[in-house]
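Residues 668 to 807 (our numbering) make up the sequence shown, in order.
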Amino acid sequence: MGLAMDKSALSAFLQTEFAQVADDFTIEEVQEMGILVRLKVDERHLRPGGTVSGPSMFALADVSIYLAVLAMVGPKALAVTTNISMDFMRKPAAAADLLCDCRLLKLGKTLAVGDCLIRSEGMEAPVARASMTYAIPPDR
């Protein structure tokens with residue numbers, strides 16, 4: 668199948684199409700059917716109790732699967748989340764970036780299904796897991 672977009676193309680796409688959040692994320696690695704994305708944790712990502720907020724972890728998983736899909740199918744800005752199930756398993760470290768290892772399990776013409784494991788940098792055990800389905804818009 669092969670990659671339709673590499674790391675630099677995905678980074679440029681994110682800056683162009685989602686400039687409002689693009690600086691929060693760094694694409695660490697791109698491979699066929701998978702991606703590793705970093706959330707650069709900042710004060711605005713924290714919640715009371717000194718941990719990264721659930722919405723920040725959701726955003727990391729959502730951006731990661733979105734970029735994994737685009738890496739395979741090309742720049743389709745209108746691909747959207749249609750389903751998510753997320754488990755928050757451990758308290759993330761407040762002073763560490765989060766890393767999301769996302770794997771596409773199925774990539775069809777109209778739907779993609781992926782699994783994301785999120786870890787605090789420097790920690791082995793995952794802090795969250797997300798299973799997501801994305802709708803891929805048809806070519807026009």
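Beta carbons are placed, not taken as given, at the ideal position from N, Cα and C, and that holds for glycine.
Anticipated Cβ contact below 8 Å, residue i with residue j, distance rounded
i: Ala-746; j: Ala-802; result: 7 Å
i: Val-704; j: Asp-673; result: Actually they do not touch by this definition, with Cβ atoms about 14 Å apart.
Neighbourhood of residue i by C-beta, 7 Å cutoff - its chain only, sequence neighbours within 5 removed
i: Asp-691; result: Leu-706 and Lys-707
i: Lys-743; result: Leu-737, Ile-803 and Pro-804
i: Thr-718; result: Lys-758, Pro-759 and Ala-761
i: Gly-721; result: Phe-755
Counterpart residues of residue i in DSSP-defined beta bridges
i: Gln-698; result: Gly-701
i: Ile-785; result: Cys-767 and Ala-795
i: Tyr-801; result: Thr-748 and Ala-779
i: Leu-713; result: Val-719
i: Thr-693; result: Arg-705
i: Phe-755; result: Ala-795
Alpha carbon of residue i to alpha carbon of residue j, nearest angstrom
i: Arg-796; j: His-712; result: 18 Å
i: Thr-800; j: Val-780; result: 4 Å
i: Ser-752; j: Leu-765; result: 19 Å
i: Leu-727; j: Asp-754; result: 14 Å
i: Gly-669; j: Val-740; result: 9 Å
i: Phe-685; j: Tyr-733; result: 12 Å
i: Leu-774; j: Val-794; result: 26 Å
i: Ser-723; j: Glu-710; result: 11 Å
i: Ser-731; j: Cys-783; result: 8 Å
i: Ile-772; j: Arg-714; result: The amino acid at residue 772 is misidentified as Ile; the sequence shows Leu. C-alpha separation (whole angstroms): 32 Å.
i: Ser-798; j: Ala-671; result: 23 Å
i: Arg-786; j: Lys-776; result: 30 Å
i: Thr-748; j: Glu-695; result: 22 Å
i: Ser-778; j: Glu-791; result: As written in the sequence, residue 778 is Leu, which differs from the Ser given in the question. Approximately 31 Å, taken between the alpha carbons.
i: Phe-810; j: Asn-750; result: Not covered by the structure: residue 810. The range shown for the chain is 668 to 807.
i: Ser-678; j: Ala-735; result: 12 Å
Own chain partners of residue i with C-beta closer than 8 Å, once the 5 adjacent residues on each side are dropped
i: Gly-789; result: Ala-760 and Ala-763
Residues near residue i by beta carbon distance below 6 Å, same chain, minus five either side
i: Ala-700; result: Note on residue identity: the sequence assigns Met, not Ala, to residue 700. Excluding residues within five positions, the ones whose Cβ falls inside 6 Å are Leu-771.
CB contact check: residue i to chain B, cutoff 9 Å
i: Ser-723; result: The structure shown contains no chain B; it holds only a single protein chain.
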